[in-house]
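Okay, so the sequence shown: first residue is 1 according to my numbering, each after it adds one.
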Amino acid sequence: MTLLTKFNHAVDHPNAGRLLLRVLLGGLMLFHGYFKLTHGVSWIAPILAAHHLPSLLAYGAYIGEVVAPLCIIFGLFTRVAALVYAINMVFAVLLIAGANFWNTTDVGAWALETEALYLVGGLVVMLLGAGKYSISKE
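See below:
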(Lines of atoms letter the chains of each structure in order from A and count residues from 1; the text may use other names and numbers.)
(Lines give C-alpha, C1' and ligand atoms only; values in the text may rest on other atoms or scores of the structure.)
Protein backbone atom coordinates (compact mmCIF):
# COMPACT_ATOMS: atom_id res chain seq x y z
CA MET A 1 0.00 0.00 0.00
CA THR A 2 1.46 3.35 -1.01
CA LEU A 3 1.75 6.34 1.28
CA LEU A 4 -0.90 8.16 -0.76
CA THR A 5 -3.29 5.23 -0.43
CA LYS A 6 -2.72 5.12 3.33
CA PHE A 7 -3.33 8.85 3.59
CA ASN A 8 -6.49 8.67 1.48
CA HIS A 9 -7.79 5.83 3.62
CA ALA A 10 -6.98 7.69 6.86
CA VAL A 11 -8.86 10.84 5.84
CA ASP A 12 -11.82 9.18 4.12
CA HIS A 13 -14.53 10.35 6.53
CA PRO A 14 -17.22 12.13 4.50
CA ASN A 15 -19.69 12.20 7.38
CA ALA A 16 -17.18 13.97 9.61
CA GLY A 17 -16.58 16.42 6.76
CA ARG A 18 -20.30 17.08 6.47
CA LEU A 19 -20.49 17.71 10.21
CA LEU A 20 -17.56 20.14 10.13
CA LEU A 21 -19.07 22.02 7.21
CA ARG A 22 -22.49 22.20 8.88
CA VAL A 23 -21.10 23.43 12.20
CA LEU A 24 -18.85 26.01 10.53
CA LEU A 25 -21.47 27.44 8.16
CA GLY A 26 -24.24 27.40 10.72
CA GLY A 27 -22.06 28.74 13.52
CA LEU A 28 -20.67 31.62 11.49
CA MET A 29 -24.12 32.67 10.31
CA LEU A 30 -25.41 32.62 13.87
CA PHE A 31 -23.20 35.64 14.60
CA HIS A 32 -25.24 37.56 12.02
CA GLY A 33 -28.46 36.17 13.45
CA TYR A 34 -27.45 37.16 16.98
CA PHE A 35 -26.88 40.71 15.77
CA LYS A 36 -30.36 40.75 14.25
CA LEU A 37 -31.88 39.35 17.45
CA THR A 38 -30.19 41.96 19.63
CA HIS A 39 -30.51 44.97 17.31
CA GLY A 40 -33.63 44.13 15.34
CA VAL A 41 -34.24 44.15 11.61
CA SER A 42 -35.86 47.57 11.24
CA TRP A 43 -32.75 48.85 9.44
CA ILE A 44 -33.41 46.33 6.66
CA ALA A 45 -36.88 47.71 5.84
CA PRO A 46 -35.62 50.84 4.00
CA ILE A 47 -33.30 48.69 1.90
CA LEU A 48 -36.22 46.49 0.91
CA ALA A 49 -38.40 49.53 0.21
CA ALA A 50 -35.72 50.95 -2.08
CA HIS A 51 -36.07 47.76 -4.15
CA HIS A 52 -39.89 47.90 -4.05
CA LEU A 53 -40.13 44.89 -1.73
CA PRO A 54 -42.38 44.67 1.34
CA SER A 55 -40.67 45.55 4.62
CA LEU A 56 -42.19 42.41 6.15
CA LEU A 57 -39.47 40.43 4.32
CA ALA A 58 -36.95 41.85 6.81
CA TYR A 59 -38.21 39.30 9.33
CA GLY A 60 -37.01 36.58 6.98
CA ALA A 61 -33.52 37.37 8.27
CA TYR A 62 -34.47 35.63 11.51
CA ILE A 63 -35.34 32.48 9.59
CA GLY A 64 -32.28 32.64 7.33
CA GLU A 65 -29.80 33.64 10.02
CA VAL A 66 -31.10 31.93 13.17
CA VAL A 67 -33.54 29.10 12.45
CA ALA A 68 -31.90 27.71 9.30
CA PRO A 69 -28.34 27.77 10.75
CA LEU A 70 -29.51 25.97 13.91
CA CYS A 71 -31.23 23.33 11.78
CA ILE A 72 -28.06 22.96 9.70
CA ILE A 73 -25.84 22.60 12.77
CA PHE A 74 -28.04 19.94 14.35
CA GLY A 75 -28.84 18.17 11.09
CA LEU A 76 -32.57 18.77 11.23
CA PHE A 77 -34.35 19.37 7.91
CA THR A 78 -30.84 20.04 6.67
CA ARG A 79 -31.42 20.21 2.93
CA VAL A 80 -34.40 22.56 3.23
CA ALA A 81 -32.60 24.66 5.85
CA ALA A 82 -29.54 24.91 3.61
CA LEU A 83 -31.72 26.07 0.71
CA VAL A 84 -33.27 28.76 2.94
CA TYR A 85 -29.76 29.72 4.07
CA ALA A 86 -28.62 30.06 0.44
CA ILE A 87 -31.70 32.08 -0.53
CA ASN A 88 -31.00 34.38 2.42
CA MET A 89 -27.52 34.95 0.98
CA VAL A 90 -28.94 35.70 -2.46
CA PHE A 91 -31.07 38.43 -0.87
CA ALA A 92 -28.07 39.76 1.07
CA VAL A 93 -25.96 39.96 -2.08
CA LEU A 94 -28.65 41.48 -4.28
CA LEU A 95 -29.89 44.00 -1.72
CA ILE A 96 -26.76 44.98 0.17
CA ALA A 97 -23.52 43.78 -1.35
CA GLY A 98 -24.44 43.59 -5.02
CA ALA A 99 -22.90 46.95 -5.85
CA ASN A 100 -19.50 45.42 -5.07
CA PHE A 101 -19.92 42.49 -7.46
CA TRP A 102 -17.12 43.59 -9.80
CA ASN A 103 -14.91 45.09 -7.09
CA THR A 104 -11.86 43.82 -5.27
CA THR A 105 -10.59 44.66 -1.81
CA ASP A 106 -7.39 46.52 -0.99
CA VAL A 107 -5.55 43.19 -0.92
CA GLY A 108 -6.89 42.03 -4.29
CA ALA A 109 -9.59 39.67 -3.07
CA TRP A 110 -13.05 39.61 -4.61
CA ALA A 111 -15.24 41.95 -2.56
CA LEU A 112 -17.98 39.32 -2.31
CA GLU A 113 -15.84 36.32 -1.46
CA THR A 114 -17.35 35.90 2.01
CA GLU A 115 -20.87 36.10 0.66
CA ALA A 116 -19.95 33.66 -2.11
CA LEU A 117 -18.54 31.19 0.42
CA TYR A 118 -21.71 31.38 2.50
CA LEU A 119 -23.93 30.99 -0.56
CA VAL A 120 -22.01 28.12 -2.15
CA GLY A 121 -21.48 26.50 1.25
CA GLY A 122 -25.23 26.47 1.76
CA LEU A 123 -25.74 24.92 -1.66
CA VAL A 124 -23.09 22.27 -0.93
CA VAL A 125 -24.79 21.35 2.35
CA MET A 126 -28.09 21.15 0.48
CA LEU A 127 -26.56 18.80 -2.10
CA LEU A 128 -24.66 16.63 0.41
CA GLY A 129 -27.28 16.43 3.14
CA ALA A 130 -26.57 16.15 6.84
CA GLY A 131 -24.79 12.82 6.86
CA LYS A 132 -24.51 10.30 9.67
CA TYR A 133 -23.95 12.76 12.52
CA SER A 134 -27.32 14.48 12.59
CA ILE A 135 -30.66 14.46 14.36
CA SER A 136 -32.67 13.44 11.32
CA LYS A 137 -31.63 10.80 8.88
CA GLU A 138 -32.32 12.09 5.39
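No residue lacks a Cβ here, since even glycine has one placed at the ideal position from N, Cα and C. In this text the structure is predicted, and so the values were computed from the model without any measurement.
Annotation for residue 18: 128, 130 and 131 place their beta carbon closer than 7 Å to its own, counting only its chain and skipping 5 residues before and after.
As computed with DSSP, residue 110 is found in a beta bridge with 104. Burial state of residue 88 is buried, judged by a 10 Å Cβ sphere holding 16 or more other Cβ atoms. Shown here, residue 2 sits in coil according to DSSP, grouped into three states, outside any helix or strand. Note that the stretch 98-105 does not touch the stretch 39-52; fewer than 3 beta-carbon pairs, one per stretch, sit closer than 8 Å. Note on residue 118: 16 or more other CB atoms within 10 angstroms of its CB, so buried under the neighbour-count rule. Here DSSP, grouped into helix, strand and coil, assigns residue 46 to helix. In the three-state DSSP reduction, residue 133 falls in the coil class, being neither helix nor strand.
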